[in-house]
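Following: one structure in structure tokens, then a few remarks.
Protein chains: 2
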Amino acid sequence: MASKSQIRREQLREKLVEAAERRIARDGLNELRARDLAGDAGCAVGAIYNVFEDLNAIVMAVNGRTFLQLEQAVAASFDGTEPPVQRLIAMSTAYLRFAEANTRRWRALFDLQMRADDPVPDWYRDALKGLFSYIAEPVGQLFPEMDPEELDLMTRALFSSVHGIVTLGLENRISGVPPEQIERMITQIMSGIGNK
Amino acid sequence: MASKSQIRREQLREKLVEAAERRIARDGLNELRARDLAGDAGCAVGAIYNVFEDLNAIVMAVNGRTFLQLEQAVAASFDGTEPPVQRLIAMSTAYLRFAEANTRRWRALFDLQMRADDPVPDWYRDALKGLFSYIAEPVGQLFPEMDPEELDLMTRALFSSVHGIVTLGLENRISGVPPEQIERMITQIMSGIGNK
DNA sequence: GCGGTAACTTGAACGCGGTTCATTTGTGAG
DNA sequence: CTCACAAATGAACCGCGTTCAAGTTACCGC
């Protein structure tokens with residue numbers, strides 16, 4: 018039987034993660050406060066630590082959801098019939114759109130890892146692997162005689178490039194590129210690849 | 018006359034920046050502490066705030082130096098006689114080498130902007146402009162009939178791509194790519210561009 | 001039901017770290 | 001030498017994540 022404690026415990030976890038998700042989406046990771054979360058969830062500050070290791074663990078839970086949504090958005094962006102370069106562009110654009118529409122949550126996805134000292138959790142590496150595998154397929158079609166190791170490198174290189182373009186592009190404080198141009202940058206890079 | 022106070026003031030600024038530079042290089046931006054800096058510089062904590070607006074201002078001063086060194090490293094990586102793609106690869110590799118050799122200082126260059134709320138200072142935008150102009154030249158050679166606006170986009174796209182590859186590449190917690198492979202990723206992307 | 005123990009909840013308190021401020025110390029013109 | 005003003009000092013303030021002693025609730029064998 019799921020004891021009453023277990024139920025409450027699970028409900029509290031859920032409330033905390035939802036509150037954190039809302040607050041991250043609204044105010045950004047930097048503005049997340051333990052006391053605010055406790056207030057939202059209707060529990061004492063200390064209760065958080067019965068249910069989660071620390072604040073990072075909550076953010077990690079939020080990141081897990083976000084990563085799933087991101088993966089779905091990318092997966093939904095192509096039907097498999099497009100030529101490889103088209104598909105790469107479609108996926109990249111989906112990545113961009115997701116980052117635009119969920120900037121703060123998307124940024125939390127990477128900001129947390131950059132800061133924390135503890136090892137990256139398995140599900141995180143797996144989620145990235147999942148994204149990579151979407152990219153690997155069209156890349157494989159484009160370069161049939163490339164050996165697997167080099168294909169893997171190319172896959173990561175393309176992901177990193179798109180990620181860099183989107184990251185700096187959305188940080189208009191630094192780059193100052195209007196959003197609609199970001200898509201063109203992606204296209205420029207991706208079409209270059211096709212013409213080896 | 019430069020009053021005794023003015024001298025001391027300038028010396029303190031210098032000592033603080035040097036201490037911050039050493040500490041960032043050794044322990045990373047996250048471990049920087051006002052009290053440690055005061056200890057290094059042989060002054061009281063409060064004295065820092067007579068001489069700098071806040072801690073960020075010191076980091077900014079460090080970043081200014083780092084950016085200069087980065088620009089020099091990129092500038093020294095080519096002699097102008099190489100074909101455009103070669104030159105792009107040489108500059109990108111120089112960027113990578115600099116980031117490898119000065120990881121924590123290089124990361125501070127971008128981490129600070131991502132966090133702070135106050136506007137990016139002018140010299141920072143200018144330094145980036147400087148880097149961009151190095152890239153713009155070979156790009157212009159590669160695509161003589163491209164209009165200026167698109168050339169600018171391509172320039173930023175290439176910088177962002179390399180930046181993304183280096184960033185994720187050096188964060189081996191996330192990507193797990195051995196350093197010597199990062200250079201190959203850059204080459205893959207850059208040579209793709211050349212064959213439009 | 002009943003009592004006892006284990007688990008949960010609570011919020012005040014701790015520790016850390018950036019920043020401030022009343023007080024002390026130093027500077028330089030008259 | 002003196003006085004007014006500037007600079008230096010470090011204790012104190014405040015915000016915030018985390019902990020903990022004390023109080024409360026849930027669970028189980030009787």
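Going down the list, the protein sequences come from chains A and B. Last residue of the first sequence: 213 (the numbering used here), numbering continuous. Last residue of the second sequence: 213 (the numbering used here), numbering continuous. Glycine residues also receive a C-beta, built at the ideal position from the N, C-alpha and C atoms. Note that this is a predicted model, so its numbers are computed, not measured.
Under the 8 angstroms criterion on CB atoms, residue 188(B) is classed as interfacial with respect to chain A. Neighbours of residue 201(B) in chain A, taken as residues whose beta carbon is under 7 angstroms from its own, are 170 in chain order. Taking 8 angstroms as the upper bound for CB-CB distance, residue 161(A) and residue 105(A) are not in contact here, some 16 angstroms apart. DSSP, read as helix, strand or coil, puts residue 34(A) in helix. A check of alpha carbon separations from residue 139(A) across 94(B), 84(B), 96(B), 190(B) identifies 190(B) as the nearest. Runs of the alpha helix (DSSP H) spanning 4 or more residues and lying entirely within the stretch 28-104 of chain A occur at 51-58, 62-68, 72-92, in chain order. In the three-state reduction of the DSSP assignment, residue 199(B) falls in the helix class. Per the C-alpha coordinates, the member of 187(A), 31(A), 67(A), 186(A) positioned closest to residue 57(A) is 31(A).
In this structure, residue 126(B) lies near residue 84(B), with their beta-carbon atoms less than 8 angstroms apart.
According to the DSSP assignment, residue 178(B) belongs to the alpha helix (DSSP H) that extends over 165-187. In the DSSP assignment, residue 143(A) falls within the unbroken alpha helix (DSSP H) covering 139-159.
Close partners of residue 137(A) in chain B (Cβ separation under 8 angstroms): 190, 191. Following the DSSP letters along the chain, one finds residue 122(B) inside the alpha helix (DSSP H) bounded by residues 120-132.
Within the stretch 121-132 of chain B, those residues whose Cβ lies closer than 9 angstroms to any Cβ of chain A are, in chain order, 124, 127, 128, 130, 131, 132.
Contact annotation: in the stretch 149-162 of chain A, no residue has its CB less than 8 angstroms from a CB in chain B. Secondary structure at residue 190(A): coil, using DSSP grouped into helix, strand and coil.
Per the Cβ contact rule, the stretch 166-177 of chain A is in contact with the stretch 171-183 of chain B (3 or more Cβ pairs under 8 angstroms).
Shortest Cα-Cα distance from residue 59(A) to any of 202(A), 182(A), 35(A) involves 35(A). Just so you know, the alpha carbons of residue 39(A) and residue 51(A) end up roughly 14 angstroms apart.
Cβ neighbours of residue 185(B) within its own chain (closer than 7 angstroms, five residues either side excluded): 191, 192.
For the pair residue 121(B) and residue 203(B), the CB atoms are not nearer than the 8 angstroms cut-off. In this structure, 151(A) is the residue among 147(A), 128(A), 151(A) with its C-alpha nearest to the C-alpha of residue 96(A).
The C-alpha of residue 159(A) lies about 7 angstroms from the C-alpha of residue 211(A). Between residue 26(B) and residue 79(B), the gap from beta carbon to beta carbon reaches 8 angstroms or more.
Contact with chain A is found for residue 47(B), since one of that chain's Cβ atoms lies less than 8 angstroms from the residue's Cβ. Judged by DSSP in its simplified three-state form, residue 117(B) adopts helix.
Contact between residue 207(A) and residue 109(A) holds: CB atoms are separated by about 6 angstroms, below the 8 angstroms threshold.
The beta carbon of residue 185(A) sits closer than 8 angstroms to some beta carbon of chain B.
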